[in-house]
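The numbering of the sequence shown is our numbering, which starts it at 41 and goes up by one.
Each residue gets a CB set at the ideal place from its N, CA and C atoms; glycine is no exception.
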Amino acid sequence: MCGGTLINRKYVMTAMHCVKSSGVTARSALVKIGEFSLNSAIETIPQQNIPVAQIIERDDYDESRINNDIALLRLSTDVVFNDNVVPACLPTDPNQQYVGQQAIVSGWGTTSSGGSTSNLLKETTVKIVANSDSTCLGPYGNIGSTRMCAYTAGTDSCQGDSGGPLVLKEDGRYTVVGVVSYGNGCARANNAGVYARVTNYLSWINENVADGWCSGTNPTVAPTTAAPTTAAPTTGGACDLTCIGDFTGNYLLNGLPATCNLGICSSTDGTDLCSALRFPCGTPTTAAPTTAAPTTAAPTTAAPTTAPPTTAPPTTAPPTTAAPTTAVPTSAAPVKPGKLCNLRCVNRNLNGNYLINGIPAICRRGRCRATDGSHLCKQLGFPCRR
Ligand code: ARG
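In structure tokens, the structure reads:
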């Protein structure tokens, strides 16, 4: 297993050695988004398990020197952002070295060298050091501009954390500056952890993830936040999202700036929120109650932008575990139900309405149909076989 960082709604950044080793193919890779506990479903918002459509490799990856250890995963379906699933920012200044800054590394890797992996996502803080620092130059020699070291005595990333994020706060937002790559043992005295240096790959990353931005524009040019300004917002039609939560205040919903009052949300940039989100709580007739238009509070920073970045561990397991996501109340009247899809291998107790990997569905004892007419099993890649 490896870690990864969600960059936008379609792409996860990970390590080359995670996808290069032991015959990992796009077909066999599964990304878990919003995961926390690997062996129990205690997440408040269930994780999204998304198959990988394409692995974008670095052709300059040097396996023997572990250089250019960075890869991108293009997901087969868009990630649904929520309070626990927010992409990390990419650095904007390619010359920033971050030396001396405290950074957070996270993952489900082993908790000691040769030890066992963690069921729960863990994080620790390490200090980014100069390549010339004795804890970096000493054990690893000259690592050049493609890698960086981070060292704090007594703590480190470890086996199984590879591909995961090393982030630090820039302007109040988590920016991913490193990709877990290698080290001598783990937390060994005077041996830093080594990370792929994200700033060295910015143009390659930006070129490859361009179609994953929600607005279709690259937020390194036009900042991600699409933060509501104090100017009078133009609002799109109201969209009923009460089946997902009682959102109140300002949010970025799948990258769209919105203002909500008890689950009824309107975009503040004029887009039709419900159709952009594919009517997660039902059709336009059930959504968009004109009477429940939210009163716009003075816009503040969109709450989810300050949430910690999501670590998305790509695994090599076959996509057999596509798990249902947000439960939807039964009030959303199903229209044109799609083909029956057996999801009993995922959860035999699925009863009622769900958003399964973003697809609204109705289930009875683990057998589900999409309520938007789509072919659920096909969309999910037949997780429990035909
Ligand atoms: N190569 C390891 C992996 O595949 C990551 C090791 C990181 N080691 C360290 N000391 N920071 O998971």
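Tell me the rounded alpha-carbon separation between residue i and residue j.
i: G303; j: V139; result: 43 angstroms
i: L420; j: A410; result: 11 angstroms
i: P263; j: V207; result: Summary for P263: the model assigns pLDDT 33, below 50, so the residue's position carries little reliability, and this model does not support an answer.
i: A69; j: V92; result: 6 angstroms
i: T132; j: C408; result: 44 angstroms
i: V52; j: G184; result: 25 angstroms
i: C42; j: T54; result: 8 angstroms
i: R228; j: G194; result: 7 angstroms
i: C403; j: I82; result: 21 angstroms
i: E103; j: A278; result: 52 angstroms
i: T288; j: L296; result: 15 angstroms
i: G406; j: Y222; result: 41 angstroms
i: P400; j: S307; result: 21 angstroms
i: D251; j: G322; result: 27 angstroms
i: N89; j: G398; result: 11 angstroms
i: C198; j: I106; result: 15 angstroms
i: A111; j: Y214; result: 20 angstroms
i: L78; j: I85; result: 14 angstroms
i: G44; j: V219; result: 8 angstroms
i: P127; j: V216; result: 10 angstroms
i: A143; j: G74; result: 21 angstroms
i: C189; j: C226; result: 13 angstroms
i: N294; j: G181; result: 43 angstroms
i: K167; j: C129; result: 19 angstroms
i: G63; j: G212; result: 39 angstroms
i: L383; j: N224; result: 43 angstroms
i: R67; j: K162; result: 28 angstroms
i: A367; j: Y394; result: Only weak support exists for where A367 lies, its pLDDT of 34 falling under 50; the value from the coordinates is given anyway. Near 4 angstroms, if we compare the C-alpha coordinates of Y394 and A367.
i: L177; j: W244; result: 27 angstroms
i: F319; j: D412; result: 9 angstroms
i: Q141; j: L242; result: 20 angstroms
i: S315; j: Q137; result: 42 angstroms
i: T311; j: S61; result: 43 angstroms
i: Q94; j: L113; result: 6 angstroms
i: N389; j: C381; result: 14 angstroms
i: C254; j: R98; result: 25 angstroms
i: D100; j: T186; result: 11 angstroms
i: N135; j: N301; result: 42 angstroms
i: T56; j: D286; result: Looking at the sequence provided, one finds Met at residue 56 rather than Thr. Each residue's Cα considered, the two are about 40 angstroms apart.
i: L152; j: S80; result: In the sequence under discussion, the amino acid at residue 152 is Ser, which differs from the Leu named in the question. Roughly 23 angstroms separates the two Cα atoms.
i: S414; j: V125; result: 25 angstroms
i: N391; j: P377; result: 16 angstroms
i: T65; j: Q87; result: 22 angstroms
i: I396; j: D309; result: 27 angstroms
i: D196; j: V169; result: 13 angstroms
i: N387; j: K209; result: 38 angstroms
i: L317; j: F76; result: 25 angstroms
i: P160; j: D280; result: Note that residue 160 is Leu in the sequence shown here, rather than Pro. Their Cα atoms are separated by approximately 34 angstroms.
i: F422; j: C385; result: 11 angstroms
On the premise that residue j lies in contact with residue i, defined as a C-beta separation below 8 angstroms, what is that separation, rounded to the nearest angstrom?
i: V59; j: L115; result: The Cβ separation is near 14 angstroms, so there is no contact.
i: T157; j: G200; result: 5 angstroms
i: N248; j: I96; result: 5 angstroms
i: Y191; j: G154; result: Actually they do not touch by this definition, with Cβ atoms about 20 angstroms apart.
i: N290; j: T282; result: So it is not a contact: roughly 17 angstroms between Cβ atoms.
i: K379; j: C424; result: Wrong, their Cβ atoms sit about 14 angstroms apart, outside the cutoff.
i: L313; j: C305; result: 6 angstroms
i: N231; j: P179; result: 5 angstroms
Start-end ranges of the beta strand (DSSP E) lying completely within the region 46-108, minimum 3 residues: Counting whole runs of 3 or more residues, the region 46-108 contains the beta strand (DSSP E) stretches 51-54, 70-73 and 88-96.
In chain order, each beta strand (DSSP E) run of at least 3 residues that lies wholly inside the region 112-165: If we require 3 residues or more, the beta strand (DSSP E) runs fully inside the region 112-165 come out as 142-147.
Neighbourhood of ligand 1 [Cβ distance below 6 angstroms to any heavy atom], ordered by chain position: The set, ordered by position in the chain, is G149, D196, S197, C198, Q199, G200, D201, S202, V220, Y222, G223, C226 and G233.
The region 197-211 contacting the region 169-183, beta-carbon criterion three pairs below 8 angstroms: Cβ pair count under 8 angstroms is below three, so no.
At least 3 beta-carbon pairs within less than 8 angstroms: the region 113-126 vs the region 48-67: Under the 8 angstroms Cβ criterion, the region 113-126 counts as touching the region 48-67, having at least three qualifying pairs.
Ordered list of alpha helix (DSSP H) runs contained in the region 165-191, each at least 4 residues: Runs of the alpha helix (DSSP H) inside the region 165-191: 174-180.
The region 238-252 contacting the region 148-162, beta-carbon criterion three pairs below 8 angstroms: No, the region 238-252 does not touch the region 148-162.
Completely contained alpha helix (DSSP H) runs for the region 370-425, where each covers 4 or more residues: List check, alpha helix (DSSP H) in window: 416-419.
Runs of beta strand (DSSP E) lying entirely within the region 210-236, each at least 3 residues, in chain order: Correct list: 213-223.
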